[in-house]
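Trainee: The working numbering applies: residue 15 is where the sequence shown begins, and numbers increase by one.
Glycine included, C-beta positions come from ideal geometry on N, C-alpha and C.
Note that the coordinates shown come from a computational prediction; the quantities given were computed from them, not determined experimentally.
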Amino acid sequence: MKLSNIMVPYDGSEHAARALAYAEKLAAALPDAHVFIVHVMPSDMVDAEDLDDGGSLNGVPLGLIDRSAYQGLVERAIGRARDKVAAALQDDIAGMGDAVTVDVVADPSAADAIVYYAKTHDIDLIVMGRRGLGALRGMLGSVSYSVLHAADMPVLTVK
Ligand code: ATP
Ligand code: MG
Numbered sequence: 015m016k017l018s019n020i021m022v023p024y025d026g027s028e029h030a031a032r033a034l035a036y037a038e039k040l041a042a043a044l045p046d047a048h049v050f051i052v053h054v055m056p057s058d059m060v061d062a063e064d065l066d067d068g069g070s071l072n073g074v075p076l077g078l079i080d081r082s083a084y085q086g087l088v089e090r091a092i093g094r095a096r097d098k099v100a101a102a103l104q105d106d107i108a109g110m111g112d113a114v115t116v117d118v119v120a121d122p123s124a125a126d127a128i129v130y131y132a133k134t135h136d137i138d139l140i141v142m143g144r145r146g147l148g149a150l151r152g153m154l155g156s157v158s159y160s161v162l163h164a165a166d167m168p169v170l171t172v173k
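1. For S70, write down the residues that DSSP places opposite it in a beta bridge.
2. Between D138, I128, G111 and G73, which has its C-alpha nearest V118's C-alpha?
3. Would I140 pass as a contact of V114 if the rule is Cβ separation under 7 Å?
4. Over the uninterrupted beta strand (DSSP E) stretch that includes H53, give me the two end residues.
5. Less than 8 Å between C-beta atoms, sequence neighbours within five positions excluded: which residues of the same chain meet that for Q85?
6. Hey, is the region 85 to 94 in contact with the region 161 to 168, meaning 3+ C-beta pairs nearer than 8 Å?
7. Quick one: grab the DSSP three-state call for A95.
8. Suppose contacts are defined by Cβ-Cβ distances below 7 Å. Is V172 in contact with G143 by that definition?
9. With distances taken Cα to Cα, identify the nearest neighbour of Q104 among N19, K133 and A31.
10. Which one or two residues does DSSP pair with G111 in a beta bridge?
11. So what does DSSP say about V143, is it helix, strand or coil?
Given below as structure tokens:
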């Protein structure tokens with residue numbers, strides 16, 4: 015059984031932070047383990063602040079934005095979001111050296127994006143929070159529920 019690529023879907027919640035701490039411990043005990051921390055940014059909610067470029071958008075006057083210009087803006091926003099996640103996790107991942115990757119992807123569905131990322135990055139195990147940022151109380155959040163349902167690889171949920 016191969017157990018080297020561990021994915022931690024990260025939404026900034028305490029639950030996801032506990033999942034990351036667990037994955038980190040697990041990875042430290044395994045030879046050649048790599049941890050992929052992945053945040054899914056809702057693609058219909060790109061931060062306006064990250065798009066703004068002082069009155070224009072990426073140098074293009076408002077109203078003249080075409081599709082490829084917009085794509086460039088979204089890519090830049092993703093890059094900025096990635097930097098923010100990496101900065102927020104700096105202390106948590108400092109001890110992991112090269113054995114960690116921080117990624118941000120944009121998708122309207124966090125669960126679909128998590129399952130797709132896991133498939134396309136040869137992930138052996140997903141470690142995620144049982145709950146996340148949502149206010150509703152219950153046993154399992156909707157993202158965890160959907161990932162448990164759709165993923166082919168083992169999924170470990172952390173309380
Ligand atoms: P709900 O979103 O259904 O209101 P919730 O927020 O409490 O409930 P989930 O969203 O299912 O619960 O979160 C469970 C776990 O899923 C989180 O701890 C995190 O590991 C992962 N997760 C949730 N949203 C994202 C996201 N946008 N990007 C990456 N991982 C996520
Ligand atoms: Mg949630």
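Mentor: Quick answer:
1. P75
2. I128
3. no
4. H48 to M55
5. none
6. no
7. helix
8. yes
9. A31
10. For G111, which the question treats as bridged, DSSP gives no partner whatsoever.
11. Going by the sequence as given, residue 143 is Gly instead of Val. If DSSP states are grouped into helix, strand and coil, G143 belongs with the strands.
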